[in-house]
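**Q**
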Amino acid sequence: MDLLTYKAVETGPDTPKNQGFAHRAWIWLLTLSPTVVTLMITLSVGMGMAAAQISLLAVLIPMAIFWGLTVVAIIGVVARWMTPGPGRHRATA
2 MDLLTYKAVE
12 TGPDTPKNQG
22 FAHRAWIWLL
32 TLSPTVVTLM
42 ITLSVGMGMA
52 AAQISLLAVL
62 IPMAIFWGLT
72 VVAIIGVVAR
82 WMTPGPGRHR
92 ATA
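Note that the sequence shown covers residues 2 to 94 in the numbering used here.
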């Protein structure tokens with residue numbers, strides 16, 4: 002499915018009423034703006050640098066989870082960039 006049509010799919014008349022938190026979180030994560038994803042990358046690198054120096058499991062686990070979410074968000078941004086669209090500044094209403 003085209004990532005640009007997620008908003009239309011989520012708000013259409015034939016959309017199921019209870020999609021669940023996990024589904025909504027997945028859609029939200031895949032539709033983050035490139036600016037937010039860039040911020041997530043910088044935070045991930047910073048947390049990774051701190052976690053490597055501290056090397057505590059309590060720091061490594063949240064860093065790994067956040068990095069995983071960052072990778073999924075990067076995939077969403079790249080997929081949107083590769084999706085053909087009407088122009089450079091595409092926005093879902």
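Ideal placement from N, C-alpha and C gives every residue a C-beta, glycine not left out. Given the structure is predicted, the values throughout are model-derived calculations rather than measurements.
#1: For the candidate residues MET83, THR84, TRP68, ALA80, whose alpha-carbon lies nearest to that of LEU40?
#2: If I measure Cβ to Cβ from THR71 and keep anything under 7 Å in the same chain, skipping five residues before and after, which residues do I get?
#3: Cβ atoms of ALA74 and VAL38: under 7 Å apart, would you say?
#4: May I ask you to report which of helix, strand or coil DSSP gives TRP82?
#5: Identify, in the order they occur along the chain, each residue of the same chain with its Cβ nearer than 6 Å to the Cβ of MET2, setting aside the five sequence neighbours on each side.
**A** According to the data block:
#1: Position 39 of the sequence shown, counting from 1, holds the residue named residue 40. Of the candidates MET83, THR84, TRP68, ALA80, the one whose C-alpha sits nearest the C-alpha of LEU40 is TRP68.
#2: Mapped onto the sequence shown, residue 71 falls at position 70. Excluding sequence positions up to five before and after THR71, its CB lies within less than 7 Å of the CB of MET41, ILE42, SER45, all in the same chain and listed in chain order.
#3: The residue you call residue 38 lines up with position 37 of the sequence shown. The residue you call residue 74 lines up with position 73 of the sequence shown. Going by C-beta atoms, VAL38 is nearer than 7 Å to ALA74.
#4: In the sequence shown, the residue the question calls residue 82 occupies position 81. In the structure shown, TRP82 sits in a helix (DSSP, three-state: H, G or I).
#5: One-based indexing of the sequence shown puts residue 2 at position 1. Residue placement at MET2 is flagged as unreliable, the pLDDT there being 47, under the threshold of 50; the coordinate-derived value follows with that caveat. Close CB contacts of MET2 within its chain, under the 6 Å cut and outside five residues either way in sequence, are absent.
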